[in-house]
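Trainee: Take a look at the following structure, please.
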């Protein structure tokens, strides 16, 4: 299949690349993350559309642990459509064209056919769910369709044609949009999914993703059948060292807890599942939802993002089951966001409204006493004591994240470890500590005892043969592994975890945000030193504390980031950022936006204070990265952002007044990427970017700009205007990395009304570019074509001012035929 040529938004090789990346992530999410499918079907595609069709079939129940029976009664079909959109946002009209448009596709040796439009498929099949994946953002009118489950009471206006308005109710809740799914984020999330849910070792996840992506590429290009099964995916992961013990454990539900929770739900209409992290609260909620039904009436199911959306859904007509996972989040108890009063909402709910809520034990304990007293009849608590030894071990082994000799080592200490797991703790943190302890304890022992040297070279069969030896506490290996288990358990249940989180319920996440924000701005090497880098962070932390009342300490930075798995210790006081800092920041903001956003904006504001104008461009790029990572959607002009923008506007005139040409060009290029400025200079430079010149016919109001300059820098507007245009022509256009060759006419239309274009300035710029781009080695001139990217643009400017043709000062190029 050819990859060139397109008539849609996603076209050519880039479009197919995005489809393969997005299809792989969504398929893995259903196969590994939600365990809802046994195979996916990639629809053969032509140049018009990026479309992947995933047919959902209930996986056969696992007698040991599988309770994901959401699709037990009937199959559902999820239609995933992928489209890229550059430098724009999706409007209702544009999305309607995609939704109502048909897609041409073909199979080998068959004529081209047209798939029905997604809208028609939704009308014909009540079990179909349509998911639209895009790298772009969406207009506010479409935000109600964003999320795994759409909770909007109505579709956006004008989304459906007039003749289909009577079908409105049958489509609600079956159209879902995932915006901002850039290829970079999809790749990062895929790697995380393979590592956490698939059990692929960290060192192998990249190679595993590449092989899986090639599998999807072959489907898209017609090199193989268009069906990818879960068995094929599992086989690929197994070749890259995936741990089989990681697959079933998180979805096991103790039967006694399931029966008790179901009885509470039917008797009281509400059940609240609490327990420590990673214990299986979500699995129990899914299990209850799958088995819940009313005999007399059909019951709608809705998943809520949090309890703040509960009140609107309680007004829904007819029987409704509402599921709120992590109903109270950490920020629910903050002063700015009071905890949802569920007791009052329960008193107002109708008899046909049912609720399933999950919550971490620590968060639930911080709710007001009166609220916990009213909710006591609805609560069921999950703990490790509800699991038998085999189930508990699978949970522990899964979250330890070990493989090979490490997993065998942990297995040897199984009995001792299970005896010590008597109180709730963070299993994810336990896994990090175990991996760290193994690394710390094996290497010293490796130098002292020969038996540890063989630990790295033993095969699986050797482990089986030596299993009885490793299990004996009297043996050296058994004592070593027992110490490993005790140390990891002590750290997990000690002051470093529960006490810290209980004493500072909001600060640790903000500490993580503080550290990541610092790195996003500075774009440092992924390693940090406690001695070299943390002093700078502490200075910023002191100033942030004045505005946010968050006491930040270096120990808590490192502590929480290690618990999150973002930061790993290396040598001495050096630590490594395990994931890309921007991607880690984005995930942190998605989960804890209300908690970390004020701190991130304070970090951004602090970096506007010591602005060194020679490095202004780099600092501004870093602040822009931080702002983009701090918002889950296109940033709005809230107070925190306006404060940062005003500080940048105040620095901009001085940053553009540097005599050094190199620094001036870097600062102008950075200002062209800064969309939040409100000053005349900031808005003018943002509009002057070649990409924006190509898309808009807007011409600046030079009268308004020069009037603003008078108050901004105190100069007469004629002087400021002439100086600005002069430096843009002489010092910027010849040396910038941006090419204006395709927008020369637009640049003329942009600058000409200023009446500040001068022939002498343009000729000087041409001579400077010629001198800068040409070199003479004695045998004729040699030019770098890339350096002359704006040569045609300057010639066009010269012609626009009715000047004489340009004459080079260089001698003619000698011509001879060798």
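Residue numbers (the UniProt record's numbering): 1 to 818. Cβ atoms here follow ideal geometry from the backbone N, Cα and C, with glycine treated the same way.
Determine, for residue 77, whether the minimum Cβ-Cβ distance to residues of chain B falls below 8 Å.
Mentor: Of the protein chains in this structure there is only one, and it is not chain B.
Trainee: Around the Cβ of residue 476, are there at least 16 other Cβ atoms within 10 angstroms (buried) or fewer (exposed)?
Mentor: Residue placement at residue 476 is poorly supported in this model, since its pLDDT is 40, which falls under 50; the coordinates still yield a value, given next. By the 10 Å Cβ count, residue 476 comes out exposed.
Trainee: By the DSSP assignment, the alpha helix (DSSP H) with residue 208 in it spans what residues?
Mentor: 205-220
Trainee: Using the rule of at least 16 other Cβ atoms within 10 Å of the residue's Cβ for burial, across every protein chain shown, is residue 350 buried or exposed?
Mentor: By the 10 Å Cβ count, residue 350 comes out exposed.
Trainee: So, are the CB atoms of residue 682 and residue 644 less than 8 Å apart?
Mentor: no
Trainee: Using DSSP bridges, identify the partner residues of residue 229.
Mentor: 39
Trainee: Measuring CB atoms only, is the region 790-807 touching the region 743-760, in the sense that at least three cross pairs come out at less than 8 Å?
Mentor: yes
Trainee: For residue 324, which of helix, strand or coil comes out of DSSP?
Mentor: strand
Trainee: Following the continuous beta strand (DSSP E) through residue 178, name the residue where it begins and the one where it ends.
Mentor: 175-178
Trainee: In whole angstroms, give me the CA-to-CA distance for residue 215 and residue 22.
Mentor: 13 Å
Trainee: Run the CB neighbour count on residue 360, radius 10 Å, all protein chains shown included, and call it buried at 16 or more, exposed below.
Mentor: Residue 360 should be labelled buried.
Trainee: Reducing DSSP to helix, strand and coil, say where residue 470 ends up.
Mentor: Its pLDDT being 35, under 50, residue 470 is placed unreliably in this model, and the value from its coordinates should be taken loosely. Note: residue 470 maps to helix in three-state DSSP.
Trainee: Indicate whether the contact test is met: 3 or more Cβ pairs, each with one atom in the region 131-138 and one in the region 180-199, closer than 8 Å.
Mentor: Yes: the two stretches touch, three or more of their Cβ pairs being nearer than 8 Å.
Trainee: In angstroms with no decimal places, state the Cα-to-Cα distance between residue 652 and residue 739.
Mentor: 23 Å
Trainee: Would residue 284 and residue 354 be called neighbours here (beta carbons separated by less than 8 Å)?
Mentor: no
Trainee: Which first and last residues belong to the alpha helix (DSSP H) in which residue 354 is found?
Mentor: Unbroken run through residue 354 is the beta strand (DSSP E), 353-360; no alpha helix (DSSP H).
Trainee: Taking the CB atoms as reference points, tell me whether residue 667 and residue 617 lie closer together than 8 Å.
Mentor: Contact check for residue 667 against residue 617 passes: the beta carbons are separated by less than 8 Å.
Trainee: So, with DSSP's three-state summary, where would you put residue 134?
Mentor: The answer is strand: DSSP assigns residue 134 an E or B state.
Trainee: Could you tell me whether the Cβ atoms of residue 307 and residue 342 are closer together than 8 Å?
Mentor: yes
Trainee: Could you check if residue 656 belongs to the surroundings of the ligand ADP, using beta carbon to heavy atom distance under 7 Å?
Mentor: Absence of the ligand ADP is noted for the structure shown, with no ligands found whatsoever.
Trainee: Can you tell me whether DSSP reads residue 101 as helix, strand or coil?
Mentor: coil
Trainee: Is DSSP giving residue 841 helix, strand or coil here?
Mentor: This structure leaves residue 841 out entirely; the chain is present only between 1 and 818.
Trainee: Which residue from 286, 741, 394 and 725 puts its Cα closest to that of residue 756?
Mentor: 725 is the residue among 286, 741, 394 and 725 whose C-alpha sits nearest the C-alpha of residue 756.
Trainee: Classify residue 232: buried if its beta carbon has 16 or more other beta carbons within 10 angstroms, exposed otherwise.
Mentor: exposed
Trainee: Where do the N-terminal and C-terminal ends of the alpha helix (DSSP H) with residue 829 fall, by residue?
Mentor: Residue 829 is absent from the structure shown; the chain starts at 1 and stops at 818.
Trainee: For the alpha helix (DSSP H) that contains residue 287, what are its first and last residues?
Mentor: 281-291
Trainee: In this structure, does DSSP put residue 126 in helix, strand or coil?
Mentor: coil
Trainee: Based on Cα-Cα distance, which residue from 314, 275, 259 and 280 lies nearest to residue 292?
Mentor: 259
Trainee: Should residue 128 and residue 175 be called a contact, given that it needs their Cβ atoms to be closer than 8 Å?
Mentor: no
Trainee: With 16 other CB atoms within 10 Å as the buried threshold, where does residue 680 fall?
Mentor: buried
Trainee: Which residues does DSSP pair with residue 304 in a beta bridge?
Mentor: 324
Trainee: Give the DSSP bridge partners of residue 380, in chain order.
Mentor: 273
Trainee: Hey, residue 100 and residue 86: beta-carbon distance below 8 Å or not?
Mentor: no
Trainee: State the CB to CB distance for the pair residue 727 and residue 669, rounded to an integer number of angstroms; the pair is presumed to be in contact (CB under 8 Å).
Mentor: The pair is not a contact, with the Cβ atoms about 13 Å apart (cut-off 8 Å).
Trainee: Should residue 42 and residue 208 be called a contact, given that it needs their Cβ atoms to be closer than 8 Å?
Mentor: Taking 8 Å as the Cβ cut-off, residue 42 and residue 208 do not qualify as a contacting pair.
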